[in-house]
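J.: Residue numbers (the numbering used here), protein chains in the order written: chain X, 1 to 652; chain B, 1001 to 1304; chain U, 2001 to 2137.
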Ligand code: SF4
Ligand code: SF4
Ligand code: SF4
Ligand code: SF4
């Protein structure tokens, strides 16, 4: 076949052209064997740029296109569409990355960068020459979504998907949906009560005909691929048959064992058999085996005796459910950075140094103090309250490096609500920067200083300790250059948000990426912020990075719309860049089967050969490297192509 | 068991009481502290400037002497421990300074002792620097130590003062897992049967060598530490450092003058307390240099 | 008190020398002030530790070399141990003193002759040696 390749060199503004002599590149490649057309342009991805590609394909009857620009993750899809629009098979369009792989890393040396760009493009020309015209692989798809995590993000995603007409399985590991938002008092910047806006959604999620709500359940295993996931869910033994339990609460009332309540952040107790909070959904108890007298010693058994419907069942065991879904939304939320790691602030040993979530409970009308701010040690109303921002965050040396994003705002809210509660009290906020990027946030902060007399002190506190019944705070005011000491009644720590403790383990089961600190990685920080790199997985809420409620909800709705977009087609279309086995050459040794991480290879025992299931193969290439008969090839990345590409790179 | 021991100049002179008690306790616990046959002052403070070579030479010599005797060296004074341990890290990791320092050491070989090679080889950090308390924990074992206790110090409220030099910089000293809330002395005291008094100033500075430049400044620091322990109802404070003891104990004389209603508290070395528990005889327990006599507090609990 | 900033002022050679000698990158300090907040002797200082670093960031090294602060530091390393950015002010302080002492541009804050007889006979040797080494050079 005669090759008629088109080469399109992008300036990317000055991103590429500032370093690479793009004119020379285009000119030189025009003479390269097989190239029929070569040009450069300021922004290839723009409308005129794309039209240039389309026109050239028609005019010069091109058989392949190499767009020399940025990374394929960014614009491969763009140019493939352009090619297809001009009736060129989209798999005959390739990107040569002369930005990330060249201009960005060789700023100092124009000459060498230009030469390198030419080489990169030549390799892609060689590749395109042998690219087959392929068609996407179509696979059947289950139009049903799994949402992991029942906090506000998971709830929102589940409702949006269900309201669009798709079935949803919502899995929550604790006994109730609601997440951390259920613990909050009022929310910034509007001060609407958290429970009032959340509980209706919790109820809706539990009653929605398209949502299957599984609380007290965990993801055990996920297999399959986008459109066709199989999920194994562990239904933890609740020792209460929650199907027949009528939620009367008698067992909870009579249970003699009390332990610290997780929901109340240790500021109050719960029973061994318990619902986490009064508005829990579902409002049915679970029994905490680790703290139950019956499980300790075989005595007690009161809950079983008292239950009017015989729902308490000590013999219950974990059960496993299988669900089939086509897409998965991960919304596992956050934890607070562990207070024990902050030794200089007492590491959790000082009673009147509380975490931000504890303070939410102290402010909450449904909290342990009925919404009156009283300090834990002696129940007194604190008159001097110090709030510390950036506790653990922005501290790459000792803790986590990132900004936790929401603490400035919630501490401002705390200080304000405290003042609304204790009029003659004084609130101090130690800060490094007050970050108020959000609609109405700056105004909220200003209100706290102007109307509620919150005193902001610029400086990071070095030490917090107890003395004479006070909590001493050693800080600084860098604006005046003075060391500052406050004898406080209560100190509130704005601890950094960290990913939920189960996030990393779950990421391994889902085979999706996490970033350095354990937050799930998005496919592209700007352009694909709610998708994971692994197809079929979507991210919502603080599991992806610190977020406040508006952002978490927005991201949840965005993932839901991505799921709906996926479900808008009957079948799922996959990239055909997969491995294939030459049946005549395969010796049936099965080595490939043992190395494939996706279980994509089956053995045809009649013919005695291995066969790759295109619908599953991810094109990772493990089998290709392992096959002793060298009979597995990757479509459009064959040995022969690679050989030509390497030769092109090495020749002068 | 013999372990090479570097006393340092203060324990050789002004803090003989510390040296005496520590050696005797070690004996009782089956460890012989074998003093390096030759040693010099380590320099007392570790130089923080990156080009220091001469300033660490003395410390390296001591480490090199120790290397001729074994693979460890035990020390007691917090400053010595800090200087030796940090210098050791330089010798292990900073190639340039290691080379320069060894040039000096090689010169030692030629000029000092012509018959026998003084140092068999270059010093490259062969020795591990141990604090005596680490020796108690890791070599003797706190459990083993507890078994040898004759008089459990029941009811005695002891505040362990760490100060700066054992703990900082944490990344290098790695003295305790929790630099802000260390626990090694708490474990030690618990093994002796004491009531441990946790006090917020246990890792704050006593004023250190600033006592020489400006007494006021240093005393303000040491008073903060002392008062903090007093407020927590401690019967006494223990320390590992002669300079801390000087600032915390001897300067209480000044604190009394300056602060109305100042309450005194005895400060003793941790090995003196250990000595009491192990029942070592009085000749090894010398409190004559202490400004605040610890004996009344001990007598109250029937410990002397 | 107007400060005229320019590249020349900020990129002061002596400031670079402080960075070399201390092994610290002055630009890493984000001025949280924590070093100052925890310093046990800050009450006696005329310029806070964090302000010393700020002045160095602004190229104002002379002001820093003249300060009392650098002689008051007790080398307790509390500043360094709690700094979120891993900046060791204690080392910067040593470097600043070294510059003064090596150039003899000021009289040492502790003079060997001045250390009173009482001190020499009363204080532990390590205290005297330490003070002379840190403050006399
Ligand atoms: S058996 Fe366990 S859960 Fe039931 S009442 Fe007794 S302690 Fe509570
Ligand atoms: S290329 Fe990878 S995913 Fe595809 S069959 Fe081979 S090993 Fe499995
Ligand atoms: S603690 Fe560190 S970052 Fe903060 S002001 Fe001091 S040197 Fe700068
Ligand atoms: S090392 Fe110096 S500046 Fe730093 S905290 Fe200690 S006394 Fe203050």
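Here a beta-carbon is modelled for each residue, glycine too, at the ideal position from N, C-alpha and C.
So that I know if they touch, is there some Cβ in chain X lying closer than 9 Å to that of residue 2098 (chain U)?
T.: So, not an interface residue.
J.: In chain order, what residues of the region 2038 to 2066 of chain U put their CB closer than 8 Å to some CB of chain D?
T.: Note that chain D does not occur in the displayed structure, where the protein chains are X, B and U.
J.: Here's the rule I'm using: 16 or more other beta-carbon atoms within 10 Å means buried, otherwise exposed. How should residue 1115 (chain B) be labelled?
T.: Here residue 1115 (chain B) scores only 48 on pLDDT, less than 50, and its place in the model is too uncertain to base an answer on.
J.: Take the Cβ of residue 1135 (chain B) as the centre, count every other Cβ of all protein chains shown within 10 Å, and call the residue buried at 16 or more, exposed below.
T.: Buried, because 16 or more other Cβ atoms sit within 10 Å of the Cβ of residue 1135 (chain B).
J.: Below 7 Å on C-beta distance, what does residue 2124 (chain U) contact in chain B?
T.: Neighbours of residue 2124 (chain U) on chain B, chain order: 1010, 1014, 1015, 1242, 1243, 1246.
J.: Between residue 1179 (chain B) and chain X, is the shortest Cβ-Cβ distance under 9 Å, so that the two count as touching?
T.: True, the Cβ-Cβ gap to chain X drops below 9 Å.
J.: Taking its Cβ as the centre, do 16 or more other Cβ atoms sit within 10 Å of residue 2010 (chain U), making it buried, or is it exposed?
T.: Exposed, since its Cβ has fewer than 16 Cβ neighbours within 10 Å.
J.: Verify whether the separation of the beta carbon atoms of residue 434 (chain X) and residue 389 (chain X) is less than 9 Å.
T.: Yes, they are a contact pair.
J.: Would residue 2029 (chain U) pass as an interface residue toward chain B - the criterion being a Cβ-Cβ separation below 9 Å?
T.: Chain B contact via Cβ: absent.
J.: Could you pull the DSSP bridge partners for residue 137 (chain X) from this structure?
T.: Its beta-bridge partners are X:574.
J.: For residue 335 (chain X), does the three-state DSSP call read helix, strand or coil?
T.: Strand, per DSSP.
J.: Should residue 1042 (chain B) be listed as close to ligand 4, given that the test is whether its C-beta is under 8 Å from any heavy atom?
T.: Not so, every heavy atom of ligand 4 lies at least 8 Å from the Cβ.
J.: Comparing C-alpha positions only, which one of X:156, X:234, X:238 sits nearest to residue 204 (chain X)?
T.: The option with the nearest alpha carbon to residue 204 (chain X) is X:156.
J.: Taking the alpha carbon of residue 1131 (chain B) as the point to measure from, which residue in B:1140, B:1211, B:1124 has its own alpha carbon closest?
T.: For residue 1131 (chain B), the nearest C-alpha among the options comes from B:1140.
J.: Please check the pair residue 669 (chain X) and residue 43 (chain X), which I expect to be a contact at CB under 8 Å, by giving their CB distance rounded to whole angstroms.
T.: Since the first residue shown for chain X is 1 and the last is 652, residue 669 (chain X) is missing from the structure and cannot be characterised.
J.: Drop a sphere of 10 angstroms on the beta-carbon of residue 196 (chain X), count the other beta-carbons inside from all chains shown, and report buried for 16 or more, exposed for fewer.
T.: Exposed, because fewer than 16 other Cβ atoms sit within 10 Å of the Cβ of residue 196 (chain X).
J.: Along the region 323 to 348 of chain X, what residues have a CB closer than 7 Å to any CB found in chain B?
T.: Going along the region 323 to 348 of chain X in chain order, one finds 343, 344, 347 with a Cβ nearer than 7 Å to chain B.
J.: In this structure, how does DSSP classify residue 2056 (chain U) when only helix, strand and coil are distinguished?
T.: Helix, per DSSP.
J.: Output, in chain order, the set of chain B residues within a Cβ distance shorter than 9 Å of residue 468 (chain X).
T.: Chain B residues near residue 468 (chain X): 1231.
J.: Identify the residues that DSSP records as bridge partners of residue 300 (chain X): which are they?
T.: None; residue 300 (chain X) has no bridge partner.
J.: State the DSSP-derived secondary structure class of residue 1123 (chain B), mapped to helix, strand or coil.
T.: Residue state, collapsed to three classes: coil.
J.: By Cβ distance, which residues of its chain are closer than 6 Å to residue 1026 (chain B), with the 5 residues on each side in sequence left out?
T.: Closer than 6 Å at the Cβ level, and outside the excluded window around residue 1026 (chain B), lie 1033.
J.: Three Cβ pairs or more, each shorter than 8 Å: is that satisfied between the region 452 to 469 of chain X and the region 332 to 351 of chain X?
T.: Yes: at least three Cβ pairs fall under 8 Å.
J.: To the nearest angstrom, report how far apart residue 132 (chain X) and residue 499 (chain X) are at their CA atoms.
T.: Between residue 132 (chain X) and residue 499 (chain X), the C-alpha separation is close to 44 Å.
J.: Three-state secondary structure (DSSP) at residue 1214 (chain B)?
T.: Residue state, collapsed to three classes: coil.
J.: Suppose you measure from the CA of residue 1221 (chain B) to the CA of residue 2120 (chain U); what does that come to, to the nearest Å?
T.: The straight-line gap from Cα to Cα measures roughly 21 Å.
J.: Going by the beta-carbon positions, is the gap between residue 242 (chain X) and residue 286 (chain X) smaller than 9 Å?
T.: It is a contact, given that the beta carbons lie within the stated cut-off.
J.: Quick one: does the C-beta of residue 2096 (chain U) sit closer than 8 Å to a heavy atom of ligand 4?
T.: The answer is no for residue 2096 (chain U).
J.: Report all residues from its chain with a CB closer than 7 Å to the CB of residue 1289 (chain B); omit the five preceding and five following residues, and keep chain order.
T.: The answer, listed in chain order, is 1017.
J.: Go ahead and pull the three-state DSSP assignment for residue 2016 (chain U).
T.: In this structure, residue 2016 (chain U) counts as helix in the three-state DSSP scheme.
J.: With distances taken from CA atoms, which of X:26, X:431, X:402 is nearest residue 415 (chain X)?
T.: Of the candidates X:26, X:431, X:402, the one whose C-alpha sits nearest the C-alpha of residue 415 (chain X) is X:431.
J.: Report the three-state DSSP secondary structure of residue 580 (chain X) (helix, strand or coil).
T.: In this structure, residue 580 (chain X) counts as strand in the three-state DSSP scheme.
J.: With a cut-off of 8 Å, do at least 3 Cβ pairs link the region 181 to 189 of chain X to the region 209 to 224 of chain X?
T.: The region 181 to 189 of chain X is not in contact with the region 209 to 224 of chain X.
J.: Can you tell me whether residue 450 (chain X) is buried or exposed? The criterion is at least 16 other CB atoms within 10 Å of its CB, across all chains shown.
T.: The residue is exposed, with fewer than 16 neighbouring Cβ atoms inside 10 Å.
J.: Output the distance between the C-alpha atoms of residue 1080 (chain B) and residue 1045 (chain B), rounded to the nearest integer angstrom.
T.: If you take the alpha carbons of residue 1080 (chain B) and residue 1045 (chain B), they lie about 8 Å apart.
J.: Contact between the region 376 to 387 of chain X and the region 2066 to 2080 of chain U is defined here as three or more beta-carbon pairs at a separation below 8 Å; is this criterion met?
T.: No contact exists between the region 376 to 387 of chain X and the region 2066 to 2080 of chain U.
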